[in-house]
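Shown next, in structure tokens, is the structure this report addresses.
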Amino acid sequence: MKINTIKSLAILALTTVLVLGVNAPVYAQKAKKEKAKKEKITDPRLLTVMKMTKMTKESQFLTKGVALKTGHRATQGFSISADEQVMWFSQPGTFAQNKPGLTKVHENYIIRRNADGKREVMTLRYFGNANALAVEKGADGKDYMWIGSNGTKWNNAYGRTRTVSRFPFAADTEVNEGYAGENFYMGGERYCYPAVNVEADILGIATQRAGVVTINLYSLTEARAMDNTDIKIKTQYKGEVVGEAEQTVVRTIKGKDMTALETISSFTIGKPDKETADPAKEPNYYTYRAWDVDKDYVYFVEGQHNKGSLKNGESKAFITVYDHAGRVVLPKRRIQCVFDHYLLESLQITPAGYADIAGIKVIDSKIYVMFSVKNSKGFRTVVVKYE
3 MKINTIKSLA ILALTTVLVL GVNAPVYAQK AKKEKAKKEK ITDPRLLTVM
53 KMTKMTKESQ FLTKGVALKT GHRATQGFSI SADEQVMWFS QPGTFAQNKP
103 GLTKVHENYI IRRNADGKRE VMTLRYFGNA NALAVEKGAD GKDYMWIGSN
153 GTKWNNAYGR TRTVSRFPFA ADTEVNEGYA GENFYMGGER YCYPAVNVEA
203 DILGIATQRA GVVTINLYSL TEARAMDNTD IKIKTQYKGE VVGEAEQTVV
253 RTIKGKDMTA LETISSFTIG KPDKETADPA KEPNYYTYRA WDVDKDYVYF
303 VEGQHNKGSL KNGESKAFIT VYDHAGRVVL PKRRIQCVFD HYLLESLQIT
353 PAGYADIAGI KVIDSKIYVM FSVKNSKGFR TVVVKYE
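Just so you know, we're using our numbering here: the sequence shown kicks off at 3 and counts up by one.
This is the structure we're talking about:
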């Protein structure tokens, strides 16, 4: 009787399978669905980012440590022309122990470096930190600089930029007002870092507060078409020249109030908890250092140098790619050329692994990163190309 019951149950099970069809086990179905969710990456820009985790070849180094205006400060901003014939850098002046008459801490330099190695320099005073230089080729053929401006003195240095300025590059000239040209005001937000993509009609301005970075994307055309208004900015500055007293003033400038313009998109990149976050996976764990934008993506770069000692491990640099809505498109990954102190030493770029990531430029599917190194001659600047 038991045997017949077992046979009946077996026949019933077989019939059910024949009626419903042979299906894979539940766990296999789930795995298949999860696999289907992971779309294959075919975008050449994202494939280029993925190459940044690989070993770097010597041929990828467009510069192996060039000297700029001063050997006493690390380079802070970077851009490059599409034909790679011109590179642009921004660099702050030397501290010189903050002694009046010697210190140049109130100065930033914009350096144009041509393919033949010739350098041209424009000096900016009281602008603030020199981070995130963007360069736009204007319809008039001129090269326009975009950089943070209207900074204020803080801890004996200039930072806390409240605006972004757009003005034409002019070699061997000086700007002494702390701002120039067209000015874009971020409503009192400090640390303003520009990125510009003319082809996509995008002006990006990132701001930072307590480590949290906010990415704001605007129509470049609409932003420049805005009317100027009177904007008041309180600034502490001067004292670097012998016999000159430090001053606190309220400037009234003509500028475009970006709080009155609707963004294309705006999103924040939070600061993770240092105690619990995974430094290799959580965006913005290290210091925010550079960014760029194109028609689809935002490229966010963070990192820290090793203070010139391998006792502190390797210098670090990471990139995370977002879409314009702030969704992660490509999770955080290493920029290997900064980590690889063996390669940097073998190429005689830096002996102790000091590599301070500071710039990124995306042109089509090519990506350029810039970082400062330090050797016996002081700070030098390196540019690496990925394609």
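Built from N, CA and C at the ideal position, the CB exists for glycine as well. All figures in this text were calculated on a predicted structure; none of them were measured in a lab.
ask   = Can you tell me the Cα-Cα spacing of Ile113 and Asp142, whole angstroms?
value = Here residue 113 refers to the residue found at position 111 of the sequence shown. Here residue 142 refers to the residue found at position 140 of the sequence shown. Roughly 21 Å between the two C-alpha positions.
ask   = What residue ranges within the region 256–290 form continuous beta strand (DSSP E) runs of no fewer than 3 residues, ordered along the chain?
value = 267–271
Coil, strand or helix - Glu176 by DSSP = Walking along the sequence shown from the start, residue 176 turns up at place 174. Reduced to three states, the DSSP call for Glu176 is strand.
query = In the region 97–126, which residue ranges form an unbroken beta strand (DSSP E) of at least 3 residues, counting only runs that do not cross its ends?
reply = 109–116
request  = Note the first and the last residue of the continuous beta strand (DSSP E) segment covering Phe63.
outcome  = Along the sequence shown, one-based indexing puts residue 63 at 61. Residues Phe63 to Val68.
query = Considering only residues of the same chain and omitting the five flanking positions on each side of Phe169, which have a CB-CB separation below 8 Å?
reply = On the sequence shown, residue 169 is found 167 positions in, with the first residue counted as 1. Here the set comprises Tyr146, Met147, Val177, Ala182, Gly183 and Glu184.
key: Environment of Met57 [buried if 16+ CB atoms lie within 10 Å]   = Residue mapping note: residue 57 aligns to position 55 of the sequence shown, counting from 1. Answer is exposed; the Cβ neighbour count stays below 16.
ask   = How is Tyr388 classed by DSSP in three states: helix, strand or coil?
value = For the purposes of this step, residue 388 is taken as residue 386 along the sequence shown, with counting starting at 1. It is a strand residue.
query = In its own chain, which residues sit with a C-beta less than 8 Å from the C-beta of Thr105, not counting the 5 before and 5 after it?
reply = Here the question's residue 105 lines up with position 103 in the sequence shown. So the qualifying residues of the chain are Gly95, Thr96, Phe97, Ala98, Gln99 and Glu242.
message = Less than 8 Å between the C-beta atoms of Asp325 and Tyr299, yes or no?
response = As a first step, residue 325 must be located in the sequence shown, where it is residue number 323. As a first step, residue 299 must be located in the sequence shown, where it is residue number 297. In this structure, Asp325 lies near Tyr299, with their beta-carbon atoms less than 8 Å apart.
query = In chain order, what residues of the same chain lie with their CB nearer than 8 Å to the CB of Val412, ignoring the 5 residues before and after it?
reply = This structure cannot speak to residue 412, because the chain is shown only from 3 to 389.
key: Exposure of Asn133, with buried meaning 16 or more beta-carbon neighbours within 10 Å   = As a first step, residue 133 must be located in the sequence shown, where it is residue number 131. Its Cβ being crowded by 16 or more others within 10 Å, Asn133 is buried.
query = Do you know how far the Cα of Val244 is from the Cα of Met372?
reply = Sequence index remark: in the sequence shown, residue 372 carries index 370 (1-based). Sequence index remark: in the sequence shown, residue 244 carries index 242 (1-based). Met372 and Val244: Cα-Cα distance of roughly 35 Å.
query = From what residue to what residue does the alpha helix (DSSP H) around Lys53 run?
reply = In the sequence shown, residue 53 corresponds to position 51, counting from 1. Taken as a continuous stretch (DSSP letters only), the alpha helix (DSSP H) holding Lys53 covers Pro46 to Lys53.
ask   = When DSSP labels each residue in this structure, what does Ser83 get in the three-state scheme?
value = One-based indexing of the sequence shown puts residue 83 at position 81. Of the three classes helix, strand and coil, the one that applies to Ser83 here is coil, per DSSP.
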